Each structure stands twice: as structure tokens, then as C-alpha cells.
Amino acid sequence: MLEKSLLRYVGVALLGTSLLGSCTTTKKYNDLLAQKVNLEREKAECEATLAQTTLERSDLSKQVADLSEVRQRLAADTAQLGSAYRKTQSLYGELSNTYDKLIKNHDKLLANSALETSKLSKDLARREDEMKKLNETLTKNRSQLDQLSSDLQAREQRLNELERILAEKDKAVDALRNKVSNALLGFNSKDLSVDVRNGKVYVSLSEQLLFKSGSTKVDAKGQDALRKLASALKDQEDVNVLVEGHTDDVPISRGTQGMQDNWDLSVLRATEITRILANAGLPGTKITPSGRADNVPLDPAKTAEARQKNRRTEIILTPKLDELFKILEAN
1 MLEKSLLRYV GVALLGTSLL GSCTTTKKYN DLLAQKVNLE REKAECEATL AQTTLERSDL
61 SKQVADLSEV RQRLAADTAQ LGSAYRKTQS LYGELSNTYD KLIKNHDKLL ANSALETSKL
121 SKDLARREDE MKKLNETLTK NRSQLDQLSS DLQAREQRLN ELERILAEKD KAVDALRNKV
181 SNALLGFNSK DLSVDVRNGK VYVSLSEQLL FKSGSTKVDA KGQDALRKLA SALKDQEDVN
241 VLVEGHTDDV PISRGTQGMQ DNWDLSVLRA TEITRILANA GLPGTKITPS GRADNVPLDP
301 AKTAEARQKN RRTEIILTPK LDELFKILEA N
């Protein structure tokens with residue numbers, strides 16, 4: 001467009017020059033030449049500008065093409081982004097719903113948790129109270145257990161002491177039985193026996209050895225046996241002597257001097273034996289006479305043999321158990 005304007009301008013100038021050729025002055029001619037030169041220069045500048053513009057236009061066309069390609073890629077990317085955006089919006093909606101549900105569940109859980117916490121706190125307080133009571137009971141039981149343990153130890157000590165004393169007593173009883181048996185070895189076993197019953201030494205003397213029928217006087221052979229027994233017991237300071245007179249169930253004869261029944265007979269015989277033992281040197285403070293009449297028979301039968309067994313005197317030797325009684329009283 002610029003080139004056409006220049007050509008038109010030049011044509012107009014040339015036409016004016018030809019029309020005025022003859023009548024133009026040199027000055028005008030020079031002005032026109034100057035204008036021509038200027039026009040040619042301007043033309044050259046316009047052509048350079050046109051070339052530059054053409055080059056720039058080419059560059060701009062290339063940039064437009066590049067921009068169009070970029071635009072197409074952006075459009076494609078925009079379509080993908082739109083699809084992704086829509087998917088994201090959908091996911092966002094789902095997430096929002098899920099979040100709302102979670103919030104509601106969380107609030108519900110918080111409410112339930114508060115209720116449960118309150119319940120657990122009450123249970124904990126109750127259990128702590130129970131634990132406190134249990135600890136108090138345990139402390140009390142432990143104190144009782146310690147006391148019981150202490151009492152048990154004391155009882156075990158007393159029991160050991162009792163066992164020791166009983167063992168010593170049994171040993172002493174056996175030694176006493178052996179000593180009495182040795183002292184009375186020369187007598188018939190049917191008339192005299194020595195045995196141990198209930199921790200005591202029983203010296204059983206038959207009526208035949210000691211008395212005539214119905215009499216309270218001891219025969220010489222019986223007196224000999226009693227003196228030997230007294231001699232064996234003189235050094236037994238811790239032994240008590242009980243003399244028991246026994247009769248059979250046959251009533252005494254009427255008119256027997258100084259006696260009304262078997263009670264009198266049993267007591268008088270026991271008293272007589274006690275007197276002989278005391279005269280033989282056994283301290284009277286250690287001897288106790290007693291009569292049992294026919295109340296403790298060896299054989300309850302009504303035969304002559306049974307009645308003969310029942311007519312007897314039993315001298316019961318009992319070791320003193322002062323130590324044992326002291327321990328028992330301490331319990």
C-alpha cells in the first residue's frame with residue numbers, strides 16, 4: 001500500500017512538471033529535483049521499512065501459528081482440566097458428605113464418650129472405695145494373722161514343752177514301774193502285778209496276799225511286800241500314792257466288828273495299808289487311802305473266780321505334773 005502511494009505521488013509530480021515544463025523556472029525545477037530526491041530517499045526508507053515490516057509480519061505470522069498451536073494445546077489441556085475439575089468437584093462433594101457424616105459420628109462418639117467416661121468415673125470411684133475397704137480388711141487380717149502367727153509360735157513352744165514333759169513323765173513312769181517290779185520280784189504274779197495305765201503305775205495286790213477273808217489286818221507276807229514297795233518309793237519325791245481298797249459284791253457278815261458294809265471294809269483295808277507304808281518310811285503326805293467297795297470290779301461276772309479277782313487292793317503311783325499344770329494354766 002505504501003509503494004502504490006509513492007508511485008502515485010511521483011506520477012503526479014512528473015505530470016505537473018511536463019505541464020509546467022516550459023513555464024517553470026529553474027528554481028522550481030530545482031525544488032522539484034529536491035523533492036524528487038527526498039521522495040526517492042523516503043521511498044528507500046519506505047522500502048526498508050516495508051522489508052522490515054514484511055520480516056516482522058513473517059515473524060508475527062510464525063508467532064501467531066505458534067500461539068495457535070499453544071492455544072490448541074491449552075484448549076485440550078483446558079478440556080482435560082475441566083474433566084478433572086468436574087471429577088474433583090464430584091469427589092469434593094463426596095468428601096464433603098463423608099466429612100459431614102464423620103462430624104456427626106464424631107459428635108455422637110463424643111457424647112457417648114462423655115457418658116461412658118462418667119460411668120467409668122463412677123465405677124472407678126466405686127472400685128477405689130472397694131479397694132480401700134479391701135486394703136483396710138487386708139491390713140486388719142494381716143494384723144490378725146501376725147497375732148495368730150505369734151500365738152501359734154507360742155503354742156508350738158508350749159506344745160513342745162508339753163511333749164518334752166510328757167516324754168520325761170513317760171520315761172519316769174517306765175523307770176518307776178521297773179523299779180517297783182524289781183523290788184517285788186519274789187512274789188507270785190497271781191497275787192501281785194505291776195503295769196502302766198493312763199500314765200500311772202498300778203500295783204495290784206490280791207486279797208490272798210494281804211488279808212484273810214473279812215479281815216482288815218495285813219498278813220506277814222503282805223506286810224513284807226508293802227515294806228519293799230515303800231523302800232522303793234522313798235526316793236520318789238515327785239510320786240503321789242493312792243491306795244484303793246476293792247471288795248466283791250457279797251455283803252459282809254452280820255455283826256462284823258466296826259463295819260456295816262463293804263464300804264467300811266474297803267476303806268479300813270486301804271487305811272491299814274497306808275499305815276504300813278507310812279511306818280515303813282513313806283511320807284504320809286504322799287499317801288491317800290480310799291475305798292471303792294464293789295463299784296469298780298475287774299470282772300462283773302457272779303462267779304467265785306470273778307469275785308476273787310475283784311477282791312484286791314490297788315496302789316496307784318502318780319508322778320506329779322506341776323510343770324505340766326503350769327503350762328496348761330498358761331494356755
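Take the sequence shown: its position 10, counted from the start at 1, is 10 in UniProt numbering, and no numbers get skipped.
Note that beta-carbon positions come from the ideal geometry of N, C-alpha and C, so glycine has one too.
Keep in mind the model is a prediction, meaning the values are calculated, not measured.
A distance below 6 angstroms between beta-carbons, with the five flanking residues on each side excluded, links S206 to the following residues of its chain, in chain order: D191, R312. The residue from V239, K122, N262 with its alpha-carbon nearest to that of L282 is V239. Here DSSP, grouped into helix, strand and coil, assigns N240 to strand. Within the DSSP secondary-structure output, H246 pairs in a beta bridge with A293, R312. In summary, R155 is exposed, with fewer than 16 beta-carbon neighbours lying within 10 Å of its beta-carbon over all protein chains present. For K133, the secondary structure class from DSSP, reduced to helix, strand or coil, is helix.
CA-CA distance, K200 to A167, rounds to 13 angstroms. For the stretch 260-287, the continuous alpha helix (DSSP H) assignments of 4+ residues that do not extend past its boundaries occur at 262-279, in sequence order.
By the beta-carbon neighbour count (other beta carbons within 10 angstroms, threshold 16), K234 is exposed. In the DSSP assignment, T318 is bridged to N240. Just so you know, the alpha carbons of E116 and L152 end up roughly 51 angstroms apart. Membership of D224 in the alpha helix (DSSP H) is indicated by the continuous run 220-233. Cβ-Cβ distances below 7 angstroms link R292 to E244, G245, H246, S266 in the same chain, with the five nearest sequence neighbours on each side left out; the list follows chain order. In the displayed model, L192 falls within a strand according to three-state DSSP.
When Cβ pairs closer than 8 angstroms are counted between the two stretches, the stretch 221-232 is seen to touch the stretch 268-285, the count reaching three or more. The alpha carbon of I287 has as its nearest neighbour, out of R275, K36, N295, the alpha carbon of R275. Looking at the DSSP output, Y99 shares a beta bridge with no other residue. Looking from the CA of E314, the closest CA among P297, S113, K302 belongs to P297.
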